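S.K.: When the count follows my numbering, it moves up by one through the sequence shown with no breaks and lands on 380 for the last residue.
The structure is given below, and queries will be raised subsequently.
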Amino acid sequence: MIITDFAEIVEIKRNREGKTLKYLADLIGGKSIVYTKQVIAGIQNGENARKYRQIIADDLGISLAELEEMKNSNGEGK
């Protein structure tokens with residue numbers, strides 16, 4: 303099974319590494335936990351939200367480019 307949903311991967315990696323949502327919120331500039339959850343889930347999708355997703359992905363060792371390639375090859379990104 304290949305997981306291509308960013309929110310699911312963040313949840314898995316966050317739990318494995320023992321990082322909290324508060325940690326991720328502080329990582330992206332002290333934003334609220336609610337906003338951080340929305341960024342991760344893709345509800346917030348502005349320019350800053352995309353930058354924050356990249357920061358979170360980098361911290362957790364997730365490749366966003368690789369996720370996009372997998373989605374597109376499965377026909378999900380079209």
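Backbone N, C-alpha and C define an ideal beta-carbon position, used for all residues, glycine too.
Treat the numbers as computed from the prediction; the structure is a model and nothing was measured.
In chain order, which alpha helix (DSSP H) runs of at least 4 residues are fully inside the stretch 320-361?
M.R.: Runs found: 323-329, 335-343.
S.K.: Report yes if the CB atom of T338 is closer than 7 Å to the CB atom of L323, and no otherwise.
M.R.: As a first step, residue 338 must be located in the sequence shown, where it is residue number 36. As a first step, residue 323 must be located in the sequence shown, where it is residue number 21. Closer than 7 Å, so yes.
S.K.: With H, G and I counted as helix, E and B as strand and the rest as coil, what does DSSP make of I311?
M.R.: Along the sequence shown, one-based indexing puts residue 311 at 9. The answer is helix: DSSP assigns I311 an H, G or I state.
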